[in-house]
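Here is the structure we will look at, set down as structure tokens.
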Amino acid sequence: MKYKSQKIAYWFFATCMLLLSLQLIYGFIMGFARMGFDGLHDWIPFNAARATHTNLLVVWLLTGFMGAAHYIIPEESESEIYSVRLAYIQLISLIVVGVVSIIGFHFNVWEGRKFLEIPRPLDYLVVVNVLLFLFNIGMTVWKGKRHTTTGMVLYFGLFSAALLYLPGMIEFNSQTVDSYFRWWVVHLWVEGVWELIMGGILSFLLIKLTGVDREVIEKWLYVIVGLTFLSGILGTGHHYYYIGVPEYWKWVGGFFSMLEPLAFLAMAMFAVSMYRRSGRNHPNTISLYWTIGSAIMSFVGAGFLGFAHTLPQVNLYTHGTLITAMHGHLAFWGAYAMIVLAIVTYSMPLLTGRKLWNNSIGLFAFWASNIGMLGMTGAFAVAGIAQVYLERKFGLDFLTVQKEIQVHFLGLILAALVFTSGIFAFIWNFIKFGTPTDEALGAETSSGDIHLSGRS
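UniProt numbering applies: residue 1 is where the sequence shown begins, and numbers increase by one.
If you want it as structure tokens, here you go:
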């Protein structure tokens with residue numbers, strides 16, 4: 001690492017690992033409940049497990065994005081973080097909000113709005129927390145010695161994500177209006193401004209790992225930003241089919257949803273093209289795997305599978321079924337989880353001074369988690385197609401269909417075990433690195449080789 005304050009990123013990443021582990025536990029609780037083994041129902045009902053599982057996903061990804069910013073922004077702005085103390089206060093308060101929210105879910109203290117379940121008082125604490133983060137990072141950028149496209153795209157992606165949280169805090173008496181603005185948060189996050197965050201992190205990693213000129217990589221970044229805003233904003237309309245909005249949204253949302261894969265395709269082409277042009281053999285190969293893999297898997301999960309079931313003629317049947325879970329799991333994994341794991345894998349050797357890249361545990365983590373996620377996606381697809389035919393074509397009762405598709409969740413559990421083995425291997429590797437050390441100051445990645453002054 002080049003700047004002492006970059007050590008803050010480690011504690012955000014460590015929080016990520018803890019929250020990710022907890023999310024997996026609740027995923028298994030839901031999977032076994034789907035198979036009829038719901039022995040924990042009296043303590044953890046399915047709705048509480050689902051709310052906890054999805055909200056942990058959002059929180060650990062946001063924590064990862066914040067950690068990435070604390071690592072990337074100092075290098076891009078060539079300055080230390082504005083206030084280290086403020087960064088730690090912000091992290092602690094974020095953890096407190098998360099813990100209180102999860103406890104609340106188990107006592108039916110929530111709003112009941114999918115992905116935005118946390119109680120309203122905690123919403124205000126989230127806003128304060130994020131404002132502290134944006135102020136700290138913003139001042140770092142403002143006082144920095146340089147302003148790069150990569151750093152600015154990352155910062156304004158984070159800023160826009162905070163801004164778009166606000167529509168979800170407005171109270172409405174109409175379910176239709178409430179659902180309309182809820183999608184402003186959920187869709188414009190995951191298929192809008194979060195793509196800017198992903199693009200900023202992807203750009204930084206490719207600059208460091210491939211050695212391709214910054215000017216070339218950042219020109220691609222402009223293309224990604226343009227495609228994201230072109231398709232993501234109006235593409236929100238594909239969520240409006242069944243909530244009482246005017247019929248023209250069906251066509252607007254359907255058309256621009258067809259364009260949304262272009263942004264992810266551009267990212268995949270961008271990453272692979274930069275890798276092929278590099279001619280540089282970076283020692284941290286596993287980080288490169290995660291980086292290129294993120295671009296490719298995001299196109300498959302968010303782009304291709306999203307396109308496959310959001311067209312109005314298809315979504316008429318697939319809306320609200322396990323087909324959505326198929327798309328959602330691979331989309332979140334490829335686009336956002338993998339890019340967080342990529343920056344973690346890249347930064348840990350530099351934060352700790354330990355040369356633990358390219359070991360067998362790290363390679364196992366990459367392949368097992370990706371193979372397991374593809375298996376889970378396949379299981380959701382099979383169960384979802386069966387659900388669509390039985391419910392939407394043959395008109396069977398919802399609970400009757402759930403009983404019929406239980407068998408498919410055995411495949412899901414088996415694939416989830418493979419996935420979890422990969423994640424646990426990743427976390428074990430993370431623990432082996434140890435905590436950051438000042439001895440690692442001076443680790444350089446801008447040249448062809450890495451020189452670490454710390455322990456090996």
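From the three backbone atoms N, C-alpha and C, an ideal C-beta is built for every residue, glycine too.
Since the structure is predicted, the reported quantities are computational estimates derived from the model, not experimental observations.
With a cut-off of 8 Å on the beta carbons, I'd call residue i and residue j a contact; round off their distance for me.
{"i": "K2", "j": "E75", "result": "6 Å"}
{"i": "G98", "j": "V59", "result": "5 Å"}
{"i": "V401", "j": "G372", "result": "Wrong, their Cβ atoms sit about 26 Å apart, outside the cutoff."}
{"i": "V193", "j": "S231", "result": "Not confirmed; about 13 Å, so no contact."}
{"i": "V130", "j": "S5", "result": "About 20 Å separates the two Cβ atoms, so there is no contact after all."}
{"i": "G235", "j": "S257", "result": "5 Å"}
{"i": "E195", "j": "T149", "result": "Contact doesn't hold; Cβ gap of about 15 Å is too wide."}
{"i": "H282", "j": "L209", "result": "5 Å"}
{"i": "residue 500", "j": "L164", "result": "The structure shown has nothing for residue 500, since the chain only spans 1 to 456."}
{"i": "A162", "j": "H70", "result": "Not confirmed; about 16 Å, so no contact."}
Between the alpha carbons of residue i and residue j, how many angstroms are there, rounded?
{"i": "K250", "j": "V314", "result": "12 Å"}
{"i": "G253", "j": "S174", "result": "22 Å"}
{"i": "E111", "j": "Y346", "result": "38 Å"}
{"i": "P246", "j": "T324", "result": "23 Å"}
{"i": "A14", "j": "V212", "result": "30 Å"}
{"i": "W357", "j": "I72", "result": "19 Å"}
{"i": "L91", "j": "P121", "result": "19 Å"}
{"i": "A268", "j": "I413", "result": "29 Å"}
{"i": "D123", "j": "I201", "result": "27 Å"}
{"i": "F105", "j": "N55", "result": "10 Å"}
{"i": "F270", "j": "G199", "result": "10 Å"}
{"i": "Y242", "j": "R277", "result": "47 Å"}
{"i": "I137", "j": "E391", "result": "49 Å"}
{"i": "T445", "j": "T352", "result": "Confidence at T445 is low in this model, with a pLDDT of 44, below 50, so its placement is unreliable and no value can be given for it."}
{"i": "F366", "j": "W290", "result": "7 Å"}
{"i": "G362", "j": "T176", "result": "47 Å"}
{"i": "S456", "j": "K355", "result": "Low local confidence applies: a pLDDT of 35 at S456 is under 50, so the model's placement there is unreliable, and no value is given."}
{"i": "V185", "j": "M297", "result": "23 Å"}
{"i": "A342", "j": "L61", "result": "12 Å"}
{"i": "T285", "j": "G64", "result": "21 Å"}
{"i": "G39", "j": "I423", "result": "26 Å"}
{"i": "K403", "j": "G320", "result": "17 Å"}
{"i": "V109", "j": "Y336", "result": "28 Å"}
{"i": "K7", "j": "K432", "result": "16 Å"}
{"i": "R214", "j": "I197", "result": "17 Å"}
{"i": "F255", "j": "D438", "result": "52 Å"}
If you reduce the DSSP assignment to three classes, tell me which class residue i lands in.
{"i": "L356", "result": "coil"}
{"i": "M267", "result": "helix"}
{"i": "L396", "result": "coil"}
{"i": "N284", "result": "coil"}
{"i": "L40", "result": "coil"}
{"i": "H187", "result": "helix"}
{"i": "I450", "result": "For I450, the predicted model reports a pLDDT of 46, less than 50, meaning its position is unreliable; a value from the coordinates is still stated below. Looking at I450 - three-state DSSP - the assignment turns out to be coil, as it is neither helix nor strand."}
{"i": "H239", "result": "helix"}
{"i": "T435", "result": "coil"}
{"i": "D213", "result": "coil"}
{"i": "V109", "result": "coil"}
{"i": "E319", "result": "Residue 319 is actually His in this sequence, not Glu. Three-state result, H319: coil."}
{"i": "V100", "result": "helix"}
{"i": "E260", "result": "helix"}
{"i": "E80", "result": "coil"}
{"i": "M169", "result": "helix"}
{"i": "V245", "result": "coil"}
{"i": "E391", "result": "helix"}
Count the other CB atoms, across all protein chains shown, that sit within 10 Å of the CB of residue i; report buried if there are 16 or more and exposed otherwise.
{"i": "G454", "result": "Its pLDDT being 39, under 50, G454 is placed unreliably in this model, and the coordinates cannot settle the point."}
{"i": "H451", "result": "Only weak support is given to the placement of H451: the predicted model assigns it a pLDDT of 44, under 50, and the value that follows is read from those uncertain coordinates. It is exposed - the Cβ of H451 has fewer than 16 other Cβ atoms within 10 Å."}
{"i": "F398", "result": "exposed"}
{"i": "residue 537", "result": "Nothing in the structure corresponds to residue 537, since the chain is present only between 1 and 456."}
{"i": "E260", "result": "buried"}
{"i": "T140", "result": "buried"}
{"i": "F299", "result": "buried"}
{"i": "N370", "result": "buried"}
{"i": "Y389", "result": "exposed"}
{"i": "V377", "result": "At residue 377 the sequence reads Thr, which differs from the Val that was named. The residue is buried, with at least 16 neighbouring Cβ atoms inside 10 Å."}
{"i": "R146", "result": "exposed"}
{"i": "E117", "result": "buried"}
{"i": "I102", "result": "buried"}
{"i": "E191", "result": "buried"}
{"i": "Q406", "result": "exposed"}
{"i": "L166", "result": "exposed"}
{"i": "Y275", "result": "buried"}
I'd like the span of the alpha helix (DSSP H) that includes residue i, first residue to last.
{"i": "A69", "result": "46-77"}
{"i": "A335", "result": "Unbroken run through A335: none, as it is neither H nor E."}
{"i": "I405", "result": "It is not in any alpha helix (DSSP H) - I405 carries neither H nor E in the DSSP assignment."}
{"i": "G157", "result": "149-163"}
{"i": "W142", "result": "120-143"}
{"i": "Q6", "result": "Unbroken run through Q6: none, as it is neither H nor E."}
{"i": "L305", "result": "305-310"}
Does residue i get closer than 8 Å to chain B when you measure Cβ to Cβ?
{"i": "L305", "result": "The structure shown has no chain B; it contains just one protein chain."}
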